[in-house]
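Residue numbers (full-length UniProt numbering), protein chains in the order written: chain A, 1 to 89; chain B, 1 to 89.
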């Protein structure tokens with residue numbers, strides 16, 4: 001069954017405490033080439049049936065209203081995977 | 001500065017309570033074509049300098065050891081963005 005991936009990241013102008021914590025951990029490990037880390041979410045929605053424009057429009061609407069909080073987050077990507085990530089690896 | 005994206009998902013054989021909660025919410029909204037939802041993480045690492053094979057190998061190692069917990073999660077993707085997601089949108 002096809003899977004639609006929705007990627008959500010904290011808005012660029014906001015502090016991202018989780019990302020900052022990861023960046024701090026990398027610094028303490030001596031990984032100094034990474035100047036910043038941001039941490040967002042990756043949803044995999046499994047669709048029963050074919051993915052057409054209507055399904056993608058519905059996912060776009062859900063991404064903007066349910067899967068992300070538009071006050072603090074941006075939807076940065078929506079794309080279709082034919083097989084779930086676990087099967088492609 | 002280039003950004004490297006690392007995508008981490010809960011292993012397929014594990015229950016994903018956050019994903020289940022989202023799937024339940026979609027069902028209550030009448031969005032019945034989505035049969036399952038899984039929720040993972042998306043890291044954006046900003047790199048100071050060029051991305052070469054050594055940097056990618058370092059990110060792969062960090063992804064496997066620091067950014068994911070290999071007991072419960074899989075690293076499903078590592079790719080390079082030339083501009084951070086916020087700037088491409």
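Idealized CB from N, CA, C, for every residue including glycine.
Check whether the Cβ atoms of residue 33 of chain A and residue 16 of chain A lie closer than 8 angstroms to each other.
Here residue 33 of chain A is not near residue 16 of chain A, since their CB atoms are 8 angstroms or more apart.
Mark residue 52 of chain B as exposed unless 16 or more other C-beta atoms lie within 10 angstroms of its C-beta, in which case mark it buried.
Classification of residue 52 of chain B: exposed, given that the 10 Å Cβ count is below 16.
In whole angstroms, give me the CA-to-CA distance for residue 45 of chain A and residue 71 of chain B.
Each residue's alpha carbon lies about 23 angstroms from the other.
Using the C-alpha atoms, what's the distance from residue 73 of chain A back to residue 11 of chain A?
When the Cα atoms are used, residue 11 of chain A and residue 73 of chain A turn out to be separated by approximately 5 angstroms.
Measuring CA to CA, which of A:48, A:62, A:77, A:69 is closest to residue 14 of chain A?
Measuring from the Cα of residue 14 of chain A, the nearest candidate turns out to be A:69.
If the cut is a Cβ gap below 8 angstroms, which residues of chain E does residue 31 of chain A touch?
No chain E is part of this structure, whose protein chains are labelled A and B.
Limits of the unbroken beta strand (DSSP E) element including residue 81 of chain A:
Unbroken beta strand (DSSP E) run through residue 81 of chain A: 73-81.
If you draw a straight line from the C-alpha of residue 79 of chain A to the C-alpha of residue 56 of chain A, how long is it?
Approximately 9 angstroms, taken between the alpha carbons.
Between which two residues does the alpha helix (DSSP H) carrying residue 2 of chain B extend?
Where residue 2 of chain B is concerned, there is no enclosing alpha helix (DSSP H), given that its DSSP letter is neither H nor E.
Option nearest residue 26 of chain B by Cα separation, candidates A:31, A:26, A:76, A:43
Of the candidates A:31, A:26, A:76, A:43, the one whose C-alpha sits nearest the C-alpha of residue 26 of chain B is A:43.
Against chain A, does residue 73 of chain B count as a neighbour if the rule is that its beta carbon must be under 8 angstroms from one of theirs?
Not an interface residue.
Is the CB of residue 80 of chain B under 8 angstroms away from at least one CB in chain A?
Using a CB distance cut-off of 8 angstroms, residue 80 of chain B does not count as an interface residue toward chain A.
Note down the Cα distance separating residue 117 of chain A from residue 5 of chain A, rounded to an integer number of angstroms.
Nothing about residue 117 of chain A can be reported from this structure: the residues present for chain A run from 1 to 89 only.
Find out if the Cβ-Cβ distance for the pair residue 31 of chain B, residue 58 of chain A is shorter than 8 angstroms.
Yes, these two residues count as a Cβ contact at 8 angstroms.
What is the rounded straight-line gap between the Cα of residue 81 of chain A and the Cα of residue 20 of chain A?
Residue 20 of chain A has its alpha-carbon roughly 30 angstroms from the corresponding atom of residue 81 of chain A.
Tell me the DSSP secondary structure of residue 38 of chain B in three-state form.
Residue state for residue 38 of chain B is assigned as strand, using DSSP reduced to three classes.
For residue 45 of chain B, which three-state DSSP category applies?
Strand, per DSSP.
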